[in-house]
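K.L.:
Handing you this structure, nothing more for now.
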Amino acid sequence: MTVSWTPHRFTGGILALDTANTVVLRDDPEKTFDRFDNPAEIARFADAASGFRAAELGGRRLEAPLPDKIAPVVRSIRDTTDRLFRGAVAKGAVATSDLPGFLEACADGLAHSRTEIGAPGRPFGDPATPIAFEAALAVSALSLLRDDTIARLRICPNCSWLFVDRSRNSSRLWCDMAVCGNRQKASRHYRRRTAAREV
Ligand SMILES: [Zn+2]
Numbered sequence: 006m007t008v009s010w011t012p013h014r015f016t017g018g019i020l021a022l023d024t025a026n027t028v029v030l031r032d033d034p035e036k037t038f039d040r041f042d043n044p045a046e047i048a049r050f051a052d053a054a055s056g057f058r059a060a061e062l063g064g065r066r067l068e069a070p071l072p073d074k075i076a077p078v079v080r081s082i083r084d085t086t087d088r089l090f091r092g093a094v095a096k097g098a099v100a101t102s103d104l105p106g107f108l109e110a111c112a113d114g115l116a117h118s119r120t121e122i123g124a125p126g127r128p129f130g131d132p133a134t135p136i137a138f139e140a141a142l143a144v145s146a147l148s149l150l151r152d153d154t155i156a157r158l159r160i161c162p163n164c165s166w167l168f169v170d171r172s173r174n175s176s177r178l179w180c181d182m183a184v185c186g187n188r189q190k191a192s193r194h195y196r197r198r199t200a201a202r203e204v
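The sequence shown begins at 6 in the working numbering and counts up one residue at a time.
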């Protein structure tokens, strides 16, 4: 079954976090699953992310013409990003022991890239041509290492997705209020009603 890459699946706020969140319910061994199990989804995700993450990418499109070939490096950047930054949210600091694997995965993503990044207005290079998804993913993941971003990383208490909280007073609780916030409210309401009935 193909995945529909809805806006909800891009609530991480940064390409590397949206990608980390393609593993669903990571901490539940019974229910967890990988939306990239079929590598064709990597290309479809890249296509959707080109739109949803256009601001981060400076309008440069992502391309993944050979998703089977890049699947291992994409998964490795994704999973080391998740480990490193999930740990950073929990501890409020980055564990150096998680860095080598993360940096090696990012290096693999950039190994075949020949572009220039970081110019004013061109954070991911010239928007006239597409950028390889695995290279852009590495650039996005490395950008998370900035102190001001680490301080704003959160884990959604409902679905355990990673997201960046850009709210002015840093008080965003859910990855997506419309989905996770409401589910939580509904289950609280249900518990209250059940408790009332039991009394
Ligand atoms: Zn959530």
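For glycine and all other residues, C-beta sits at the position ideal for the given N, C-alpha and C.
Quick one: Cα of W179 to Cα of A98, how far?
P.N.:
21 angstroms
K.L.:
For G17, does the count of other Cβ atoms within 10 angstroms reach 16, so buried, or fall short, so exposed?
P.N.:
buried
K.L.:
Rounding to the nearest angstrom, what Cα-Cα distance links D131 and K190 in this structure?
P.N.:
Approximately 44 angstroms, taken between the alpha carbons.
K.L.:
Quick one: what does DSSP say V28 is sitting in, helix, strand or coil?
P.N.:
strand
K.L.:
Just tell me which of M182, V184, R157 has its CA closest to the CA of N174.
P.N.:
R157
K.L.:
Which residues does DSSP list as the beta-bridge partners of F38?
P.N.:
V29
K.L.:
DSSP three-state label for T8, please.
P.N.:
Residue identity differs from the one stated: residue 8 is Val in this sequence, not Thr. Of the three classes helix, strand and coil, the one that applies to V8 here is coil, per DSSP.
K.L.:
Here's the rule: buried if 16 or more other CB atoms are within 10 angstroms of the residue's CB, otherwise exposed. What is R119?
P.N.:
exposed
K.L.:
Please report the straight-line C-alpha distance between G92 and I75, rounded to a whole angstrom.
P.N.:
Put simply, the backbone Cα of G92 is about 26 angstroms away from that of I75.
K.L.:
What is the chain-ordered set of residues for which the beta carbon lies under 6 angstroms from any non-hydrogen atom of ligand 1?
P.N.:
Those satisfying the condition are, in chain order, C161, N163, C164, W166, W179, C180, D181, C185.
K.L.:
Out of A25, E68, L71, which has the shortest C-alpha to C-alpha gap to R80?
P.N.:
When only C-alpha atoms are compared, the closest one is A25.
K.L.:
Is E68 helix, strand or coil by DSSP?
P.N.:
Strand at E68.
K.L.:
To the nearest angstrom, how far is it from the Cα of S148 to the Cα of D170?
P.N.:
Between S148 and D170, the C-alpha separation is close to 15 angstroms.
K.L.:
Can you check which of these residues, R65, E35, A60, D73, is closest to P44 by C-alpha distance?
P.N.:
If we check each option's Cα against that of P44, D73 comes out closest.
K.L.:
Cβ of R49 within 8 angstroms of Cβ of V78?
P.N.:
The Cβ-Cβ distance between R49 and V78 does not fall below 8 angstroms.
K.L.:
Using the rule of at least 16 other Cβ atoms within 10 Å of the residue's Cβ for burial, across every protein chain shown, is E35 buried or exposed?
P.N.:
exposed
K.L.:
Based on DSSP bridge pairs, tell me the residues matched to L167.
P.N.:
I160
K.L.:
Give me the Cα-Cα distance between I160 and V184, rounded to the nearest whole angstrom.
P.N.:
Rounded to whole angstroms, the separation of the alpha carbons of V184 and I160 is 15 angstroms.
K.L.:
The alpha helix (DSSP H) that contains L104, what's its start and end?
P.N.:
104 to 115
K.L.:
Measuring straight from C-alpha to C-alpha, what distance separates D152 and L67?
P.N.:
26 angstroms
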